[in-house]
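S.K.: Below you will find the structure I want to go over with you.
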Ligand code: FEO
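This is how it looks when you write it as structure tokens:
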């Protein structure tokens, strides 16, 4: 149990999930996560902000009892994904007088996914307020961070923004505040890479909307709370900007060393040219690490052997993922080895339709690389160096 006091009327009643190692059966969580839920005690009404994953619903209930909560008037639901809404049905069972306060889209999702009856909802709209007596909640629609219905709730008198997934981190910590643990910002970057990166332009608009508010604390629904909101807001601004770094990410797979020899050659030569290089062996890498490196790299070189006339399935998966995450990468190259032929370049390029990138000429080698092949790699490396000189110029 983890009831913590944030101020005299605001309490953390969420659950830390130390053991969770994967989310959506897709995203690795090396640092676990938390499902943050908050109780706001107004002079007249009590509100619960978001719930927790159903796996932890008994913990939420126990926290509410520990805090002595006998009545909940409002359950504010900022987002319908089940890690925040999944315990609402249980809370409604135990606090039958409560109504779920959310927007129309979120209501529809929660009827579909959680069977919450229509009569249990109080629908609000962008800019609406709700009084708890001496406290006022303001609802701000922030669609596509990261579902279409996502919204945030601002507690006006305390200047606290309850941002749900926005500005969150998959980071289990006994420390309540992010500033007490320097690793949280890395967790937040991983979270951004895996969850938010595909929505860069809408995030930009949503940050602009939030800039009108005097936010003194950001209380997300995953990971620690930001006591200095600018730390995470400025980090987001950098991640969503068009600026890229002088880096080359190399997701690679090699079956009989030929592709690996090419990768190792590129790593050594790029280091000599003062370019940061981040290779990821796709058969054993944490895809979250790869996603994080895609947040601001200028170039990605996909390295794969030809298998059954196409790229290795591990490279296909990584390429598909990259396309889905829509990083701001500027340049992509494809290198690798083959035995007798195939169409992996067209295949991989076809998988990257979402990205606006310039492609380097591929370097494909029959068998193990020989002197002429290394010359081709040298040309590719020179071109990368040349292109990187013009980064962030506009
Ligand atoms: Fe943490 Fe989109 O749910």
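Numbering (my numbering), first residue to last: 114 to 507. Where a beta carbon is used, it is the ideal one built from N, C-alpha and C, also for glycine. As the structure is a computational prediction, the values presented were derived from the model and not from experiment.
Quick one: measure Cβ to Cβ for residue 480 and residue 341, integer angstroms, because I've assumed they're closer than 8 Å.
M.R.: With a Cβ gap of about 56 Å, residue 480 and residue 341 do not count as contacting.
S.K.: Between the Cα of residue 349 and the Cα atoms of 377, 335, 310, 327, which residue gives the shortest distance?
M.R.: 310
S.K.: I want to check one thing, is the minimum distance from the CB of residue 381 to the heavy atoms of the ligand FEO below 6 Å?
M.R.: Not so, every heavy atom of the ligand FEO lies at least 6 Å from the Cβ.
S.K.: Ordered along the chain, which non-local residues of its own chain (more than five positions away) have a Cβ less than 8 Å from that of residue 269?
M.R.: Excluding residues within five positions, the ones whose Cβ falls inside 8 Å are 242, 248, 249, 250, 251.
S.K.: In the DSSP output, which residue or residues are listed as bridge partners for residue 277?
M.R.: 333
S.K.: Taking the beta strand (DSSP E) that residue 235 falls in, what are its first and last residues?
M.R.: Unbroken beta strand (DSSP E) run through residue 235: 234-236.
S.K.: Counting along the chain, where does the alpha helix (DSSP H) carrying residue 367 start and finish?
M.R.: Here residue 367 belongs to no alpha helix (DSSP H), and DSSP marks it neither H nor E.
S.K.: Would you call residue 397 buried or exposed, if buried means 16 or more other Cβ atoms sit within 10 Å of its Cβ?
M.R.: exposed
S.K.: For residue 434, which of helix, strand or coil comes out of DSSP?
M.R.: Of the three classes helix, strand and coil, the one that applies to residue 434 here is helix, per DSSP.
S.K.: Under DSSP, the alpha helix (DSSP H) around residue 511 begins and ends at which residues?
M.R.: Any property of residue 511 remains undetermined from this structure, which presents the chain solely from 114 to 507.
S.K.: Could you tell me if the beta carbon of residue 299 falls within a distance shorter than 6 Å of some heavy atom in the ligand FEO?
M.R.: no
S.K.: Any idea which residues DSSP pairs residue 264 with across the strands?
M.R.: 254
S.K.: What residues match up with residue 120 in a beta bridge as DSSP calls it?
M.R.: 123
S.K.: With DSSP run on the structure shown, which of helix, strand or coil describes residue 422?
M.R.: coil
S.K.: When burial is assigned at 16 or more other CB atoms within 10 Å of the CB, is residue 387 buried or exposed?
M.R.: Residue environment for residue 387: exposed (fewer than 16 other C-beta atoms within 10 angstroms of its C-beta).
S.K.: Among 192, 143, 190, 203, whose alpha-carbon lies nearest the alpha-carbon of residue 169?
M.R.: 203
S.K.: Can residue 194 be considered in contact with the ligand FEO, in the sense that its beta carbon sits closer than 6 Å to one or more heavy atoms?
M.R.: Yes, the beta carbon of residue 194 sits closer than 6 Å to at least one heavy atom of the ligand FEO.
S.K.: Run through the DSSP bridge pairs and tell me what residue 354 is partnered with.
M.R.: Its beta-bridge partners do not exist; DSSP assigns none.
S.K.: What's the C-alpha gap between residue 383 and residue 494?
M.R.: Between the alpha carbons of residue 383 and residue 494 lies a distance of about 7 Å.
S.K.: From the DSSP secondary-structure annotation, give me the bridge partner or partners of residue 471.
M.R.: When beta bridges are read from the DSSP output, residue 471 appears opposite 444.
S.K.: Do you know offhand how far residue 153's Cα is from residue 232's?
M.R.: About 23 Å.
S.K.: Are at least three pairs of beta-carbons, each pair with one atom in the stretch 137-145 and one in the stretch 257-277, less than 8 Å apart?
M.R.: no
S.K.: Can you check DSSP and say which residues form a bridge with residue 295?
M.R.: Bridge partners of residue 295: none, in fact.
S.K.: Residues in the same chain with beta-carbon distance under 6 Å from residue 313, minus the five sequence neighbours each way, listed in chain order, please.
M.R.: Contacts found: 353.
S.K.: Could you give the uninterrupted runs of the beta strand (DSSP E) lying entirely in the stretch 138-169, keeping only those of 3 residues or more?
M.R.: Within the stretch 138-169, the complete beta strand (DSSP E) segments at least 3 residues long are 146-148, 151-154, 159-162, listed from N- to C-terminus.
S.K.: Report the residue from 410, 365, 418, 220 whose alpha carbon sits nearest the alpha carbon of residue 399.
M.R.: 365
S.K.: Just to check, is the beta-carbon of residue 278 closer than 6 Å to a non-hydrogen atom of the ligand FEO?
M.R.: yes
S.K.: Check whether the Cβ of residue 185 lies closer than 6 Å to any heavy atom of the ligand NAD, and answer yes or no.
M.R.: Among the ligands in the structure shown, the ligand NAD does not appear; only the ligand FEO can be found there.
S.K.: From 244, 454, 211, 276, pick the residue whose C-alpha is nearest to that of residue 150; which is it?
M.R.: For residue 150, the nearest C-alpha among the options comes from 276.
S.K.: Might you give, ordered along the chain, the residues of its own chain that have their beta carbon closer than 8 Å to the beta carbon of residue 443, omitting 5 neighbours on each side?
M.R.: 357, 411, 412, 470, 471, 500, 504.
S.K.: Can you tell me which of the three DSSP states residue 401 falls into?
M.R.: Helix, per DSSP.
S.K.: Tell me which same chain residues have a C-beta within less than 8 Å of the C-beta of residue 456, skipping the five on either side of it?
M.R.: 422, 423
S.K.: Whose C-alpha, out of 158, 306, 492, 485, is nearest the C-alpha of residue 72?
M.R.: Since the first residue of the chain shown is 114 and the last is 507, residue 72 is not available in this structure.
S.K.: Residue 367 to residue 476, Cα distance in whole Å?
M.R.: Cα-Cα distance, rounded: 15 Å.
S.K.: Using a Cβ-Cβ cut-off of 6 Å (strictly less than) and excluding sequence neighbours within five positions of residue 389, which residues of its own chain qualify?
M.R.: 360
S.K.: Going by Cα to Cα distance, which pick from 333, 209, 129, 380 is closest to residue 279?
M.R.: 333
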